[in-house]
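See below for the structure under consideration.
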Amino acid sequence: MGDNFKGWTETTVGDFSPFLYGKGLAERQRNQLGSVPVFGSNGVIGTHTEALVNNAGIVIGRKGTVGAVHFCKGPFWPIDTAFYVESKPDREIRYIYYLLRSLGLEHMNADSAVPGLNRVAAHSRKILIPPLTEQKAIASILGALDDKIELNRKMNESLEAMARALFKSWFVDFDPIPGFPPHKEW
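In this text, residue positions in the sequence shown follow the working numbering: the first is 150, and each later residue adds one.
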C-alpha cells in the first residue's frame, strides 16, 4: 500500500459499516409535531416524536433513489425504503458518510421495475480505512469544504433575490434609482 497508507486497514463496506434496514413508519403514524427527522431514500420526508436511531448516522437510498447518501447529526428515523449506518465510538461517522458518497452506490441497482440498491454488492466493496485520528482529520477538512459550499449557495440565493428585487423596482415599478435623476413619465 505504500508509505502514504501506513496504518490503514483493508476491509469491506459490510465489515466496517454494515447497512441496516430502516423500519416502516406510514405517514399517518408519524407525529408531525415531533422534531425527529424521518428519512426516506431521497432525504427527509417528515418528522416524528420518536427516533429509531438515537445518535448521528447515515441514511442510504435503498428503493427509488438508489444509493443517495444523507447525513443526520442527531436522532432520526429511517423508513423501510432506506438503509442506515449507525455511529460507533471507534469510527468517525462523518468519514463514513464521505466514503460512502465516493463509492458510486447509485450504480449498484439490483432491481429492474423499482430501482433497488444491491446490499450484497455494496457490502462486498473493498475499502481502505485510516486510523481514527486520520478519519477525523479527513472528515473535518471535507466538512469545512461542505460548509463553505453551503454558505456560497446561500449567498448566491440571496444575491439572486436582491438582483430580482432591484430589476423589478427599477425596470417594472420604475422606482427612482439612487444617484440618478428621476425618470420622466412615459
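From the three backbone atoms N, C-alpha and C, an ideal C-beta is built for every residue, glycine too.
Source: prediction; values computed, not measured.
(request) With distances taken Cα to Cα, identify the nearest neighbour of residue 245 among 266, 270 and 287. (result) In the sequence shown, counting from the first residue as 1, residue 245 sits at position 96. For the residues 266, 270 and 287, the minimum Cα distance to residue 245 belongs to 287.
(message) Using a 10 Å radius around the Cβ and a threshold of 16 neighbouring Cβ atoms, would you call residue 318 buried or exposed?
(response) As a working note, residue 318 is residue 169 in the sequence shown. Burial call: exposed.
(message) Checking 8 angstroms against the spacing of the C-beta atoms, do residue 195 and residue 179 come in under that value?
(response) On the sequence shown, residue 195 is found 46 positions in, with the first residue counted as 1. On the sequence shown, residue 179 is found 30 positions in, with the first residue counted as 1. The criterion of a C-beta distance shorter than 8 angstroms is satisfied by residue 195 and residue 179.
(request) Note down the Cα distance separating residue 187 from residue 222, rounded to an integer number of angstroms. (result) Looking up residue 187 in the sequence shown gives position 38. Looking up residue 222 in the sequence shown gives position 73. Their Cα atoms are separated by approximately 13 angstroms.
(message) Is there a Cβ of chain C sitting closer than 8 angstroms to that of residue 322, yes or no?
(response) This model lacks chain C altogether, as it is built from one protein chain only.
(request) Taking residue 197 as part of the beta strand (DSSP E), name the residues at either end of that continuous run. (result) The residue you call residue 197 lines up with position 48 of the sequence shown. Residues 192-197.
(request) May I ask which residues mark the beginning and end of the beta strand (DSSP E) holding residue 287? (result) Working through the sequence shown from its first residue, we reach residue 287 at position 138. Per DSSP, residue 287 belongs to no beta strand (DSSP E); it is in the alpha helix (DSSP H), 281-316.
(message) I want to know whether the segment 288-305 touches the segment 252-262 - three or more CB-CB distances under 8 angstroms.
(response) no
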